[in-house]
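Reading through the structure tokens given below for one structure.
Numbering (this note's numbering), first residue to last: 59 to 299.
Printed below as a string of structure tokens:
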């Protein structure tokens, strides 16, 4: 019971005590039968009966108040924190030609590992295009963006020595905010490029994407220039995977 409630109950009890004392005085005067002797009622002295009644009532009220003070008051459960909205990035692979199935596979790799952002097939977001020749195996127009372009070039993917799926996961990693790490050629990291087969992002890469989109939307940055992509994706592998 809150302090204000038991304090109010105690005041009411004291008022009841004072009122019953007044009733007792009137009762005694009416029942007086000369001198200092009182008429007994049901074997009890009428002078004592009202006093015991008052004590019993007051004691009961005080006991209830003390029990209420000791018991924890019911409070509403705290509201559950609201989950941050998941950012949706649409991608259009209708121009990805024979790489379209691997584009969907790369998207699934990211979607099964991060929860703050989801890649969803549809127009109006990231346009994926496959061409024959270009300046790098793949390029992404921006870092941490919801609208942009990804280009893949068949001949350059083949020349790089990297698995096509790794190249695709790498370029989507740029879209999801990831830059190149310092240890270029580390096959354990998809963003490190290299002539590697591994297409699964490392735990650190997944955590970085998760943190970026959990903080809400931020302005996108330009993607790596094609020369950097060519150098990174064609770098010798530091770890063979």
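C-beta atoms are modelled at their ideal positions from N, C-alpha and C, and glycine is treated no differently.
So, for residue i: in the same chain, excluding its five sequence neighbours on each side, which residues have a beta-carbon less than 8 Å away from its beta-carbon?
i           : result
residue 106 : The predicted position of residue 106 is uncertain, since its pLDDT is 44 and thus under 50; no value can be drawn from it.
residue 247 : 239, 241, 259, 260, 262 and 263
DSSP has residue i in a bridge; who is on the other side?
i           : result
residue 301 : No answer is possible for residue 301: it lies beyond the span of the chain, which begins at 59 and ends at 299.
residue 201 : 279
residue 177 : 147
residue 208 : 186 and 198
Are the CB atoms of residue j and residue i within a distance shorter than 9 Å?
i           : j           : result
residue 183 : residue 204 : yes
residue 185 : residue 206 : yes
residue 148 : residue 192 : no
residue 230 : residue 172 : no
residue 292 : residue 216 : no
residue 276 : residue 195 : no
residue 266 : residue 236 : yes
Just to confirm my understanding: we take residue i, look at its own chain, exclude 5 residues before and 5 after, and list those with CB closer than 6 Å. What are they?
i           : result
residue 294 : 243
residue 174 : 268, 271 and 272
residue 145 : 175 and 271
residue 150 : 181 and 185
Grab me the residues of residue i's own chain with a C-beta within less than 7 Å of its C-beta, minus the 5 sequence neighbours each way, in chain order.
i           : result
residue 281 : 197, 198, 199, 200, 201 and 232
residue 290 : 238, 242 and 251
residue 139 : Confidence in residue 139 is poor, its pLDDT being 47 and thus under 50, which makes the residue's placement too unreliable to answer from.
residue 279 : 200, 201 and 202
Taking the alpha helix (DSSP H) that residue i belongs to, which residues open and close that run?
i           : result
residue 222 : 222-233
residue 258 : No alpha helix (DSSP H) contains residue 258, which DSSP labels as neither H nor E.
residue 291 : 284-291
residue 162 : 158-169
* To do: Could you tell me whether the segment 154-161 touches the segment 216-235, using the rule of 3 or more Cβ pairs below 8 Å?
  => yes
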